[in-house]
Amino acid sequence: MNYRELAEAIDRPYNTIRKWRGEITKISGNEFKRIKVRNGRGRKNRTAYDFDELDVKCFKEFDRLLKTGKNKVEAIREVFGNKEVEELQKEQSDFELLKRQDKALRGQIVALSKRIQSQQSELDTLKTNTSDLTERIKNLENRGLINKLKKK
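Residue numbers are given in the numbering used here: position 58 of the sequence shown equals residue 66, and the series is strictly consecutive.
This is the structure:
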């Protein structure tokens with residue numbers, strides 16, 4: 009459905025529909041479907057808008073709200089949405105997601121650092137045990153006990 013058919017469907021002038029489409033796109037960020045239409049033989053195609061049934065219903069609702077005396081910007085935001093609010097909500101949800109991920113990662117870092125500390129303390133005790141054992145072996149070698157065991 010093009011501009012003319014949409015204008016006939018909601019009983020408004022063609023230029024009004026064109027202006028509304030621009031304002032709706034600017035305020036709500038709602039992009040309407042575009043199609044290419046041939047101009048004629050050998051000429052370039054031109055871009056036209058193709059409105060579907062949902063768009064027609066939204067335009068009718070928008071027209072009804074304007075006729076009841078509602079502000080144009082408020083009516084656009086009510087029917088087609090608000091680009092700024094949606095972007096802000098998306099950014100906030102992304103921020104909340106990042107905060108949760110940050111908290112989880114910090115928890116993992118703390119757990120890993122505790123694990124590293126415990127393994128480091130185990131390593132230190134093993135080092136002291138091995139040094140004690142090597143010292144005992146050296147003492148036994150010095151005494152000659154190992155030499156006595158080898159002779160038997």
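Ideal Cβ placement from N, Cα and C applies to all residues, glycine included.
All values derive from a computational prediction rather than experimental measurement.
In the structure shown, K68 falls within a helical segment according to DSSP collapsed to helix, strand and coil.
DSSP, read as helix, strand or coil, puts T142 in helix.
K41 and Y57 have their C-alpha atoms roughly 6 Å apart.
For L14, the number of other beta carbons within 10 angstroms of its own is at least 16, and it is reported as buried. For the 7 Å CB-CB criterion, R54 and V64 do not form a contact. When DSSP states are grouped into helix, strand and coil, R12 belongs to the helix group.
Taken through DSSP and simplified to helix, strand or coil, R29 comes out as helix. For R46, no alpha helix (DSSP H) segment is defined; the enclosing uninterrupted segment is the beta strand (DSSP E) at R42 to R46. The same chain holds no residue with a CB closer than 7 Å to that of T138 once the five nearest residues on each side in sequence are set aside. If you check the CB distance, I18 and D71 come in under 7 Å.
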